[in-house]
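One structure is given here, and the rest of the page talks about it.
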Amino acid sequence: MVPVSILDLAPIVQGGSAAQALANSLDLARHAEGWGYRRFWLAEHHNITGIASAATAVAIAHVAGGTKTIRVGAGGVMLPNHAPLVIAEQFGTLESLFPGRIDLGLGRAPGTDPVTARALRRGQFNSADTFPDDVVELLRYFQPAVPGQAVQAVPGTGLAVPIWLLGSSLFSAQLAAALGLPFAFASHFAPDHLDEALGIYRDRFRPSAALEAPHTMAAVAVCAAETDAEAAHLFTSLQQSFINLRRGTPGLLPPPVDSLEALSSATERAGVDHAFSEAIVGSAATVKRGIAAFLRRTAVDELMVTGSIFDHAARLHSFELIAKVGQS
12 MVPVSILDLA PIVQGGSAAQ ALANSLDLAR HAEGWGYRRF WLAEHHNITG
62 IASAATAVAI AHVAGGTKTI RVGAGGVMLP NHAPLVIAEQ FGTLESLFPG
112 RIDLGLGRAP GTDPVTARAL RRGQFNSADT FPDDVVELLR YFQPAVPGQA
162 VQAVPGTGLA VPIWLLGSSL FSAQLAAALG LPFAFASHFA PDHLDEALGI
212 YRDRFRPSAA LEAPHTMAAV AVCAAETDAE AAHLFTSLQQ SFINLRRGTP
262 GLLPPPVDSL EALSSATERA GVDHAFSEAI VGSAATVKRG IAAFLRRTAV
312 DELMVTGSIF DHAARLHSFE LIAKVGQS
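Whatever position you read off the sequence shown (first residue = 1), add 11 for the numbering used here.
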């Protein structure tokens with residue numbers, strides 16, 4: 012059995028609010044804990060009105076404080092937006108509050124548009140270029156202090172916060188292998204380099220104090236319902252959201268529609284079909300076959316599923332069906 016986890020963006024739906032989105036995320040996490048999911052991760056995005064998890068560490072505290080056993084973490088924190096010391100202090104605090112339950116996934120993308128990235132980084136240009144050095148610095152803050160160490164993360168120093176590298180290309184796969192860290196691939200929106208990235212990571216992995224052997228995870232979009240047709244209908248909310256993002260007009264998560272044709276061009280639909288080529292959408296039987304095929308092909312050690320569905324009850328039902336097929 013491969014552990015299954017949830018990646019959540021705390022979606023804000025049309026007619027809803029950030030407060031309701033965060034309440035729904037906690038409700039989903041509580042259900043996920045009972046359904047046997049291993050992790051519940053939240054993602055950092057900025058200047059997107061349909062996503063409420065921008066202050067990722069705060070959202071993690073909200074979810075971890077309302078659950079008991081499920082691991083809660085970042086999937087991920089976009090490290091170029093932050094000083095490594097700040098992230099070490101934030102996640103050292105989280106680990107102190109919820110010991111043994113916090114994960115820290117790191118990405119090097121901005122999680123936003125270029126203008127917002129400049130606002131976040133306050134004049135720091137090309138900060139993604141320092142990502143490897145920033146990861147090493149962050150790792151150092153979690154190690155035990157040494158005599159004469161001028162700067163410490165308090166809390167943070169000496170705490171065993173598991174760090175993952177996340178990626179949608181080959182760069183983070185190579186870095187994770189070199190540093191001996193677990194690696195998660197974002198195939199839920201960027202499927203092109205999935206197999207190659209996993210192969211590079213496994214081939215080049217160097218054991219470290221954190222990890223003796225390669226450990227992989229892949230994220231896929233999954234939408235489950237009673238029938239294939241119902242699941243496909245629910246999935247149109249995420250498809251519309253992706254099209255709007257590609258147009259440069261991200262917004263609140265829209266309700267599902269019967270057809271995308273009147274709302275998008277053929278080129279846009281081809282783009283969304285490509286981005287979601289790894290997505291698994293359908294009834295419980297369809298989802299079970301899809302997950303099994305994905306795991307056979309990739310041989311990942313863990314699976315992370317994500318799915319923004321307009322109706323919260325339908326979203327809960329989808330993740331419940333996924334949990335059931337994942338355990339059978």
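Ideal Cβ positions, reconstructed from N, Cα and C, are used throughout, including at glycine.
Between the beta-carbon of Leu186 and the beta-carbon of Pro143, is there less than 7 Å?
yes
Quick one, which of Ala75, Val83 and Ala130 has its alpha-carbon nearest Ser57's?
At residue 57 the sequence reads His, which differs from the Ser that was named. Of the listed residues, the one whose Cα sits closest to His57 is Ala130.
List the whole-angstrom C-beta distance separating Ala94 from Ile71, where the pair is believed to meet the contact cut-off of C-beta under 8 Å.
The pair is not a contact, with the Cβ atoms about 18 Å apart (cut-off 8 Å).
Does the beta-carbon distance from Pro267 to Ser248 come in below 7 Å?
yes
Using the C-alpha atoms, what's the distance from Gly116 back to Glu55?
10 Å
Would you be able to state if there are at least three C-beta pairs under 8 Å between the stretch 278-298 and the stretch 166-184?
With the cut-off at 8 Å, the stretch 166-184 and the stretch 278-298 do not touch.
CA nearest to the CA of Asn35, picked from Val13, Lys335 and Leu327
Minimum Cα distance to Asn35 is reached at Leu327.
Starting from Thr247 and walking both ways along the beta strand (DSSP E), at which residues does that stretch end?
Element bounds for Thr247: not the beta strand (DSSP E) but the alpha helix (DSSP H), Asp239 to Arg257.
Apart from the five residues on each side of it in sequence, which residues of its chain come closer than 7 Å, Cβ to Cβ, to Gly282?
Arg257
DSSP three-state label for Asp322, please.
coil
Hey, Arg62 and Leu20: beta-carbon distance below 7 Å or not?
Reading off the sequence, residue 62 comes out as Ile, not Arg. Going by C-beta atoms, Ile62 is nearer than 7 Å to Leu20.
Cys234 and Leu245: beta carbons closer than 7 Å?
Yes, the pair counts as a contact, with Cβ atoms nearer than the cut-off.
Could you check what DSSP says for Pro155 in three-state terms: helix, strand or coil?
coil
Considering only C-alpha positions, which residue in the set His199, Gly118, Glu100 and Leu205 is nearest to Gly169?
Glu100
Same chain, Cβ closer than 7 Å to Arg112, five either side skipped, listed in chain order
Ala75, Arg82 and Val83
Candidates Phe321, Phe330, Leu192 and Ala68: closest to Met228 by CA position:
Looking at the Cα atoms, Leu192 is the closest of the given residues.
Collapsed DSSP secondary structure at Ile81 in the structure displayed
coil
Minimum C-alpha distance to Ala32 - residue among Phe321, Ala334 and Thr278:
Phe321
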